[in-house]
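Right, one structure below, let's go through it.
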Amino acid sequence: MGFKKTSDTIAISFSVNEAAPNTFVQDEIALQLDVLNNEIFVVLGVDLDLANPDAVAGTDTSTQASVCSTTQTAVRGLGLTNCIASARDSIRAGGFVDGGVGFERTAQSTIPAMVDYIALIATNNFFVQLQGTGNLAAKDVLGRVWGYRARADASTYAALVQSEVLSA
36 MGFKKTSDTI AISFSVNEAA PNTFVQDEIA LQLDVLNNEI FVVLGVDLDL
86 ANPDAVAGTD TSTQASVCST TQTAVRGLGL TNCIASARDS IRAGGFVDGG
136 VGFERTAQST IPAMVDYIAL IATNNFFVQL QGTGNLAAKD VLGRVWGYRA
186 RADASTYAAL VQSEVLSA
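What follows is the structure, encoded as structure tokens:
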């Protein structure tokens, strides 16, 4: 793949909040890439810190979030090509008279040593999705994306943009 690193590692932090309990929300995070010079963002790692779901007796609750390179209409999982990271915290309380049992599912949040990068973003932004289910209060996700800027050759840049946009 033809790209050359043009910056040190950058950490981009974000916070996304539900407007009301159990509603889908998506925020766009601008990368301010120099698209005229074929600049891309090479993602090294992602950390998602979800608000805990509410413990409601007899009710399953969850908080889930994802980071995708394209806009989405729901929280996505890693089965989607454009999904860079996802996380889910849930409490299974159906049939319980107390708060139930908590479960957590996250993609590896540390930078894996055996890969050069986990994603390439060729468009000027990425998107963070969030939604709670069965909660009494609105939830949030705090996160950080680590990566660096790089300049791609023309054919690589064109292929990345086309792939990202067409698979949206």
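The opening residue of the sequence shown carries number 36 in the numbering used here; numbering runs sequentially from there. Glycine included, each C-beta is placed from N, C-alpha and C at the ideal position.
Three-way DSSP call (helix, strand, coil) for residue i in this model
{"i": "Gln-61", "result": "strand"}
{"i": "Gln-107", "result": "coil"}
{"i": "Ala-154", "result": "strand"}
{"i": "Asn-72", "result": "helix"}
{"i": "Gln-166", "result": "strand"}
{"i": "Thr-116", "result": "coil"}
CA-to-CA distance, residue j to residue i, given in whole angstroms
{"i": "Arg-184", "j": "Gln-99", "result": "28 Å"}
{"i": "Leu-83", "j": "Val-60", "result": "15 Å"}
{"i": "Ala-86", "j": "Pro-56", "result": "12 Å"}
{"i": "Phe-76", "j": "Ile-47", "result": "11 Å"}
{"i": "Asn-160", "j": "Thr-191", "result": "18 Å"}
{"i": "Phe-11", "j": "Ala-92", "result": "Absent from the structure is residue 11, since the part of the chain shown begins at 36 and ends at 203."}
{"i": "Gly-204", "j": "Ala-154", "result": "The first residue shown for the chain is 36 and the last is 203, placing residue 204 beyond what the model contains."}
{"i": "Gly-28", "j": "Cys-118", "result": "What is shown of the chain runs 36 to 203, which leaves residue 28 out entirely."}
{"i": "Tyr-152", "j": "Glu-53", "result": "30 Å"}
{"i": "Glu-63", "j": "Phe-162", "result": "5 Å"}
{"i": "Thr-108", "j": "Ser-101", "result": "11 Å"}
{"i": "Phe-89", "j": "Asp-188", "result": "The question names Phe, yet the displayed sequence has Asp at residue 89. Straight-line Cα distance between these residues: approximately 48 Å."}
Closest Cα partner of residue i within the set the options
{"i": "Gln-164", "options": "Ser-121, Asp-89, Pro-88", "result": "Ser-121"}
{"i": "Phe-38", "options": "Val-200, Ser-202, Leu-195", "result": "Leu-195"}
Any non-hydrogen atom of the ligand FAD closer than 7 Å to residue i Cβ
{"i": "Gln-67", "result": "No copy of the ligand FAD occurs in the structure displayed, which carries no ligand at all."}
Decide if the segment 66-76 is in contact with the segment 111-131; the criterion is three or more beta carbon pairs, one per stretch, under 8 Å apart. Under the three-pair Cβ rule at 8 Å, the segment 66-76 does not count as touching the segment 111-131.
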